[in-house]
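Q: The structure is given below, and queries will be raised subsequently.
Residue numbers (my numbering): 16 to 154.
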């Protein structure tokens, strides 16, 4: 079960693009906090992303779909081994994006750093388990 939840959460971190934006945090309650635009353009989390990771040695593929605008992002994380996980929060600062999703096993946290406009590397964490991931923006 943790593997499935993790994969879904991982997909949500996969979200990002290199477009100017203010640093924004959206919570599952719909509340948002924003700051002035960062000196370097923050990634834009809106889009579709694909990623790969492994859980307990098993390869996992996943994706994330994010829509909306700062303060009102919505979306979900899907993987090859889990049901869809709704995104509960997204924070973008510089080229780093942090995406969270609530699962029955706890909060899934995915952190990704974009190496260019489409590619990223990162990590995920869920209930004491963790791993690395790689991915790309599809659109």
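Note that CB positions come from ideal geometry on N, CA and C, so glycine has one too. Note that the coordinates shown come from a computational prediction; the quantities given were computed from them, not determined experimentally.
1) Compute the Euclidean distance between the alpha carbons of residue 69 and residue 126, then round it to the nearest angstrom.
2) Please report how far the alpha carbon of residue 103 lies from the alpha carbon of residue 71, in whole angstroms.
3) Quick one: Cα of residue 131 to Cα of residue 56, how far?
4) Given a threshold of 16 other Cβ atoms within 10 Å of its Cβ, counted over all protein chains shown, does residue 107 qualify as buried or as exposed?
5) Less than 8 Å between the CB atoms is what I'm expecting for residue 100 and residue 80, so what's the real figure, rounded?
6) Using alpha carbons as the reference points, say which of 110, 154, 121, 119 lies closest to residue 135.
7) If you reduce the DSSP assignment to three classes, tell me which class residue 119 lands in.
A: This is what the structure holds:
1) 15 Å
2) 25 Å
3) 12 Å
4) buried
5) Actually they are not in contact, since the Cβ atoms of residue 100 and residue 80 sit about 11 Å apart, beyond 8 Å.
6) 110
7) coil
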